[in-house]
Amino acid sequence: MELQLLHETPNLAVFFDPANQWLFVDWRGDLTLALVQDNCVAVAQYLMDARYARILNSNVGVTSMAPNVPAWLAREFLPYLRLVDVQQVAWVHSPNLRVKCYTDTVLHGSDAPSVHVFDDLESAVTWLRTTYRLPVFSVGAMAA
Numbered sequence: 042m043e044l045q046l047l048h049e050t051p052n053l054a055v056f057f058d059p060a061n062q063w064l065f066v067d068w069r070g071d072l073t074l075a076l077v078q079d080n081c082v083a084v085a086q087y088l089m090d091a092r093y094a095r096i097l098n099s100n101v102g103v104t105s106m107a108p109n110v111p112a113w114l115a116r117e118f119l120p121y122l123r124l125v126d127v128q129q130v131a132w133v134h135s136p137n138l139r140v141k142c143y144t145d146t147v148l149h150g151s152d153a154p155s156v157h158v159f160d161d162l163e164s165a166v167t168w169l170r171t172t173y174r175l176p177v178f179s180v181g182a183m184a185a
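Under our numbering, the first residue of the sequence shown is numbered 42, with each subsequent residue one higher.
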């Protein structure tokens, strides 16, 4: 997978995956609300600039998460993904059980685009690849 680095901080790396045409968001370390908010602004900027329909979001490297992060994500960030045309998100769990529980809290009942949760990156990639559909054009529409 040849990735193009778009943005990097100590807790986040954002890549464009040209082969799969999606944004890969790789979180790591200890996540506080302020840190998540700042980094989500960066992610949102890339989503507004390029309109990626699919996101591969990895929490594999997340070691801890503040308890107030999930509510903010569910209320303030995830619902707005629809506004920038995000259609599918493959979300890979952290191996940390507390972070995994927080993630489940975020996604349960969230008004976000189609979000599927995975325990490993390989399964998430496989699923996200199946979500890509080429536009369908009818012959009559092209002749008009």
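Yeah, the Cβ is synthetic: ideal placement off N, Cα and C, and Gly gets one too.
Where residue i sits in the DSSP three-state scheme
i: Glu49; result: strand
i: Gln62; result: coil
i: Asn80; result: helix
i: Val147; result: helix
i: Phe56; result: strand
i: Thr172; result: coil
i: Ala94; result: coil
i: Val17; result: Given a span of 42 to 185 for the chain in the structure shown, any question on residue 17 remains unanswerable.
i: Leu72; result: strand
Other residues of its chain near residue i: CB distance less than 6 Å, five sequence neighbours each side excluded
i: His48; result: Val55, Ala83
i: Val147; result: Pro111, Leu114, Ala115
Where residue i falls, given that 16 or more other Cβ within 10 Å makes a residue buried
i: Ser155; result: exposed
i: Phe106; result: Note that residue 106 is Met in the sequence shown, not Phe. Label assigned to Met106: buried.
i: Thr171; result: exposed
i: Thr144; result: buried
i: Asp67; result: buried
Alpha-carbon to alpha-carbon, residue j and residue i
i: Ala94; j: Leu119; result: 14 Å
i: Pro176; j: Leu169; result: For Pro176, the predicted model reports a pLDDT of 43, less than 50, meaning its position is unreliable and no value from the coordinates is stated.
i: Ala85; j: Asp79; result: 10 Å
i: Gln129; j: Ala60; result: 17 Å
i: Pro108; j: Ser135; result: 15 Å
i: Phe178; j: Thr73; result: In this predicted model, Phe178 has a pLDDT of only 39, less than 50, meaning its place in the structure is not dependable; the value taken from the coordinates is given anyway. C-alpha separation (whole angstroms): 46 Å.
i: Thr50; j: Cys81; result: 12 Å
i: Trp63; j: Val101; result: 18 Å
i: Asp71; j: Leu162; result: 20 Å
i: Leu88; j: Val125; result: 6 Å
Cutoff 7 Å; reference residue i; Cβ partners in own chain excluding five residues on either side
i: Asn137; result: Val103, Thr104, Ser105
i: Gln45; result: Phe56, Phe57, Pro59
i: Arg123; result: Pro154
i: Ala165; result: Leu97, Ala131, Val133, Phe159
i: Arg69; result: Asn52, Gly102, Val103
Neighbourhood of residue i by C-beta, 8 Å cutoff - its chain only, sequence neighbours within 5 removed
i: Leu75; result: Here residue 75 turns out to be Ala, not Leu, going by the sequence shown. If we look at Ala75 and ignore the five residues flanking it on each side, it has no Cβ neighbours.
Just to confirm the assignment: which complete alpha helix (DSSP H) runs, minimum length 4, are found wholly within the segment 99-130? 110-113
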